[in-house]
Every structure is written in structure tokens, then in C-alpha cells.
Amino acid sequence: MIKNHFRLACAQRHSYRLMFIMSLTFITFVTQTLLAQILFAEQTSQPNIILIMADDLGYQELGCYGQKWIKTPHIDKLADEGIKFTNFYAGNAVCAPSRCCLLTGKHPGHAWVRNNGDPKLPEELREKYGWEFPGQNPIPATEVTIAEMLKQKEYATAAIGKWGLGHFGTSGDPNSQGFDLFYGFNCQRHAHNHYPNFLWRNDVKEMQPGNDRTLYGETYSQDQFTKVALEFIRENQERPFFLYLPFAIPHLSIQVTEESLAEYKDVIPEEDYIHKGYLKHPYPRAGYAAMITHMDRDIGKIMTLVEELHLDENTVVLFTSDNGPTYDRLGGSDSDFFESANGFRGFKGSLYEGGIRVPLIACWPGKIPAGTTSDLISASWDFLPTIADLTGTEAPKRIDGISMAPTLLGNENHQSEHEFLYWEFAAYGGQQAVRMGEWKGIRQNLLKKNPELKTELYHLESDPSESNDVADEHPEIVKQIEQLFDEQHTNSEIFTFPAIDTK
489 MIKNHFRLAC
499 AQRHSYRLMF
509 IMSLTFITFV
519 TQTLLAQILF
529 AEQTSQPNII
539 LIMADDLGYQ
549 ELGCYGQKWI
559 KTPHIDKLAD
569 EGIKFTNFYA
579 GNAVCAPSRC
589 CLLTGKHPGH
599 AWVRNNGDPK
609 LPEELREKYG
619 WEFPGQNPIP
629 ATEVTIAEML
639 KQKEYATAAI
649 GKWGLGHFGT
659 SGDPNSQGFD
669 LFYGFNCQRH
679 AHNHYPNFLW
689 RNDVKEMQPG
699 NDRTLYGETY
709 SQDQFTKVAL
719 EFIRENQERP
729 FFLYLPFAIP
739 HLSIQVTEES
749 LAEYKDVIPE
759 EDYIHKGYLK
769 HPYPRAGYAA
779 MITHMDRDIG
789 KIMTLVEELH
799 LDENTVVLFT
809 SDNGPTYDRL
819 GGSDSDFFES
829 ANGFRGFKGS
839 LYEGGIRVPL
849 IACWPGKIPA
859 GTTSDLISAS
869 WDFLPTIADL
879 TGTEAPKRID
889 GISMAPTLLG
899 NENHQSEHEF
909 LYWEFAAYGG
919 QQAVRMGEWK
929 GIRQNLLKKN
939 PELKTELYHL
949 ESDPSESNDV
959 ADEHPEIVKQ
969 IEQLFDEQHT
979 NSEIFTFPAI
989 DTK
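In my numbering, each number is its position in the sequence shown, counted from 1, plus 488.
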């Protein structure tokens, strides 16, 4: 009897021990699962960001936007696997001010840089760093860039390509604006030759073998940008990173490797023209197309590495251009032949649609619905708040951008929209423009004193080529736009508008 009670007690103790072990195992499993879920949530709340910006690429110079001559299969694949925007705009009509808007989230009426320009800087800085080019006007230390914002989450940051927002030693030094690594052309004048004598790695010159700034060379700058970008991704694959790639292609001069040129040399017809500016290429149309396809292949290399490292599902890729395509066969370019501006009026330097409407493609496997198109009216100053939302960082308070994240993630019903987009450009006569829904207003000659200001009005839905000025027919719309012209312009210390600046 006693033995039976003893056996029963032992069995109960064994059962309790087994239940305890099973409970402990279950608790451990649940804990590990929760920790994994928390870790996954943390990882996906901090996706890698690759922001690629072409230089002077027109709206219709990509296959996925209707280009007939130039092949861009890798960029087209991004569009197939992500979203393509049809109403996206550059920050401005030329390089430096557009880049300023993109990085700081401000429209041109509030942005610090509103035109290209060579600043007057201390001679001792020129001597210290060995400047050969002026570097453009520096953005001040008070400006908060996307890279600085992402330091909230300890992102690794790199800018590789063309900077144009201040030389080393100034407040616009990329290393002072949140970028751990800068590699490329600091000054956009330096970027006018794709076979440079040197490129900058932070504030140190790296000599480029076999180059003498003539039409040909041994070390193609675009290849160098891609090489360093791939290195940066490999080195930072275990942490969140922001890779800003402001490539210098297809900005003039027309220069490309012989291997890339061969694809188009006997395919695209050439014709005589009067050469103006930059180096003269013997096959300018073929060379121009080859530059874009060369860049496309490099983007393919970057995407292949991202996939090989299993980073693709946690990497947002954005592709756009800094402004519209080049005009008047400058440097041998031929935007008419390629229909680069899609029939929009104007080219680079103009606030008509051809100068500022540009491609935008975004891809994030599993997050951005594949093969979608959006007509959301947006601009490059929207990148900063969009990236803030995607990464869980806090955007600066005084910006003009609106996050596009709901549209990117397929939640269009929750997308806030701009009441208007505003531009001003202190060059090419001085221009202001507003897009307000289906309407576009523009006025010019703002660099003159006391000009007779006239607001042109276009109905973009029915007249995307801005051919028919309907200002006289819609005075109430003109009045609203002119009020925005007045309200959104703030005086600049550097870029003045004699016609409208207030004292």
C-alpha cells in the first residue's frame, strides 16, 4: 500500500516536472518568437534607402516612360516591380537648386539655393584643399538634410556622384551635412567632363589613372561611382544605410566607353549640326543614348548586389532626375530627336513642364505594389518627409514636403495632397510657377526692375503642352495663383528678384 502511494507520488512529481519543462520550453519559444518579431519590426522600420538621381534626364528618356531609342531594361524592371509616377516634379530647373530642394524638403521659395552660382569664398580654403573649381553656393549649417535626419537611427550615409551644394571647408561640405562618405565631383563645373583628372573622397583628391579631361580617358567616372557604391553597400549590409547616388549622367559632355557606344553607333542615325559648348563627340546621338544605357547597367549591378546580399526586401529604391533635358543641341545633345520631354513645353532652365516634370520610380518588394502607376502631384521636396515616414525618423518642422509613403505602400486613401506646388528660379530671365490641381500658372522677367508682369495660365489636363494661355478666360484662377506667387516667395540673401522682392 505504502509502495503504491510512493509510486503515485513519484509519477505525479515526474508529471509536474515534465509539465514545468514543457511550459518553460513554450515560454522560451514564445519569448524567442516575440523577440524575433520585435527585431523584424525594428529592421523593417529602418529600411535601407537608395536614392538615385540622374542628371538632366528627360521625362521620356526611359523605356518605361515611352522612349523608343534608348534601352533602359534595369530601370524598366524597377518600374515593373514597383510604382511609376506621372505627375512628379524636380525641385528646380537646373542642378544646384534642385538638389537643395531634394535634400532639405523645401520648395524654391524657401530653399537656400535657388540658382547655380560661383560663390566668393576665402582664398585660404582654396589653398588648404587645393580647389580647382568653386563648388557652388554652400547650404548653411542650419539646414537639415535627409542624411542628418537619418542619423537619428544611426544610418550609415553616403553621397556618391555630383554634389554642387558647397565645397569642403564650408558649411555645405557634404561631410558636415550628414554624409559619412562623399565620393565624386564636389563642384558641378568639375562634372562637365566624365574623364576627370581626379575625384574627391571626402576632402581628399583621388587621381584617376589615364585621364586628362579630354574626350577620352582610361577611368570613367560613372564606373568609379558604381564601384564605390557597391563597396559601401557591402561594408554596411549589417546596418541600415542611406545611399544617395546623384549620378552625373547624362549631363554633358557626351562621353562614354567604346563598349557602350558600340551598341548604338550603327543603329541611331546622326546628322550634321552646329556644335555649341562642351566637348564635341563624333557620334553625339549614339553617345548620348549609350551614356543612359551605361547608367542603367550600373543600376542593374547595384540591384543584383542588393539581391545577392538578401537586402532587397528591406531596401527602398527611388529613381528620379534633377531637371528636364538639355536644349538647342547643346554639346551635341538632341532632345527633339529623342522626344526627351514627351512633348511638354520647354527644356532644362525653364519652369514650363519640360524643364521640371521628371520620372519617379519607387521599388520595395513586398511593400510597394508591383506594376502600379500614380498620378499623385508631387515634387522632390517630398522625398525628405517620405523617407522620414518609411524609416521612423522625425522630419524637420519647417519644410514644404508631404510624405508620399501612403501612395508608395498602396494606401492612397490616406494620402495627403498638396494644395499647390510652387517654384521660383532666379535665372533665365527670372521665373515663378505654380501647379494648382489641373492648373499651371507661370510668370517671367522677374530679374528686371519694374517689369510688366503677366501671369500665363494653362489647363494641364486638356493642354499638357502648355500651348494655349487661358488667363483671360479664368481671372479668378489667375488671382489665386498670383496670391501664391506673393505668399510663397521669401527674399533671398543671394538670389534676388528685383521685380517682387520686398524691402
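Cβ coordinates follow ideal geometry from the N, Cα and C atoms, glycine included. Fair warning: this is a prediction, and the values are worked out from it, not measured in the lab.
If we ignore side chains and look at the alpha-carbon of each, how far apart do Tyr683 and Glu751 end up? 20 angstroms
Residues in its own chain within less than 7 angstroms of Ala679 by CB, not counting five upstream and five downstream? Lys650, Phe673, Ala736 and His739
Identify, in the order they occur along the chain, each residue of the same chain with its Cβ nearer than 8 angstroms to the Cβ of Thr803, setting aside the five sequence neighbours on each side. Pro535, Asn536, Ile537, Ile538, Val794 and Trp852
Classify Met779 as buried or exposed, calling it buried when 16 or more other Cβ atoms lie within 10 Å of its own Cβ. buried
For Arg923, the first and last residue of its enclosing beta strand (DSSP E): Gln919 to Met924
Can you tell me where the beta strand (DSSP E) holding Pro734 begins and where it ends? Phe729 to Pro734
Buried or exposed: which applies to Ile932, given that a residue is buried once 16 or more other Cβ atoms fall within 10 Å of its Cβ? The sequence given here has Gln at residue 932, not Ile. With 16 or more other Cβ atoms within 10 Å, it is buried.
Roughly how many angstroms separate the alpha carbons of His598 and Glu981, rounded to a whole number? 12 angstroms
Scan the segment 835-897 and note each continuous alpha helix (DSSP H) run of 4 residues or more that stays entirely inside, going in chain order. 841-844, 871-879 and 893-896
Cα-Cα separation between Gly579 and Leu653, rounded to whole angstroms: 14 angstroms
Determine the contact status of Phe913 and Pro628, defining contact as a CB-CB distance below 9 angstroms. no
When you compare the segment 922-929 with the segment 944-952, are there three or more beta-carbon pairs, one atom per stretch, that lie closer than 8 angstroms? yes
Using the C-alpha atoms, what's the distance from Gln968 back to Asn979? 21 angstroms
So, are the CB atoms of Thr895 and Ser868 less than 9 angstroms apart? no
Kindly examine the ligand SAM and report whether one of its heavy atoms sits closer than 8 angstroms to the Cβ of Lys885. Only the bare structure without any ligand can be found here, which leaves the ligand SAM out of the picture.
Please confirm if the segment 634-648 is in contact with the segment 716-735, defined as three or more CB-CB distances below 8 angstroms between the two stretches. yes
Answer yes if the segment 864-881 comes into contact with the segment 601-621, meaning at least three C-beta pairs across the two stretches below 8 angstroms, and no otherwise. no
Glu759 to Ala777, Cα distance in whole Å? 15 angstroms
Would you say Asp888 and Gly698 are within 9 angstroms of each other, going by their C-beta atoms? no
First and last residue of the uninterrupted beta strand (DSSP E) at Gly546: Counting along the chain, Gly546 falls outside any beta strand (DSSP E), and DSSP gives it neither H nor E.
CB of Tyr617 within 9 angstroms of CB of Asp711, strictly: no
Pull up the distance between the alpha-carbon of Lys753 and that of Tyr771, whole angstroms please. 7 angstroms
What does a CB cutoff of less than 6 angstroms around Gly551 pick up in its chain, not counting 5 residues either side in sequence? Thr560 and Asp564
If I follow the unbroken alpha helix (DSSP H) through Arg785, where does it start and stop? Pro772 to Glu796
By the three-class DSSP mapping on this structure, what secondary structure does Tyr916 have? coil
Provide the residue(s) that pair with Thr645 in DSSP beta bridges, ordered along the chain. Phe730
Report, in whole angstroms, the separation of the C-beta atoms of Pro610 and His655, which I expect to be a contact under 8 angstroms. Going by Cβ atoms, the distance from Pro610 to His655 rounds to 11 angstroms, so no, they are not a contact pair.
Report yes if the CB atom of Gln725 is closer than 9 angstroms to the CB atom of Leu797, and no otherwise. yes
Limits of the beta strand (DSSP E) - the one that Glu694 falls within: Val692 to Met695
Looking at the strands, I want to know which residues DSSP matches up with Asn536. Thr803
Would you tell me roughly how many angstroms separate the C-alpha atoms of Tyr766 and Gln640, rounded to the nearest one? 42 angstroms
Tell me the DSSP secondary structure of Arg833 in three-state form. coil
What's the C-alpha gap between Leu590 and Gly917? 23 angstroms
Among Tyr761, Pro884 and His562, which residue has its Cα nearest to the Cα of Gly820? Tyr761
Quick one, are the C-beta atoms of Gly666 and Thr633 less than 9 angstroms apart? yes
Sheet register partners of Leu909 (DSSP bridge): Arg923
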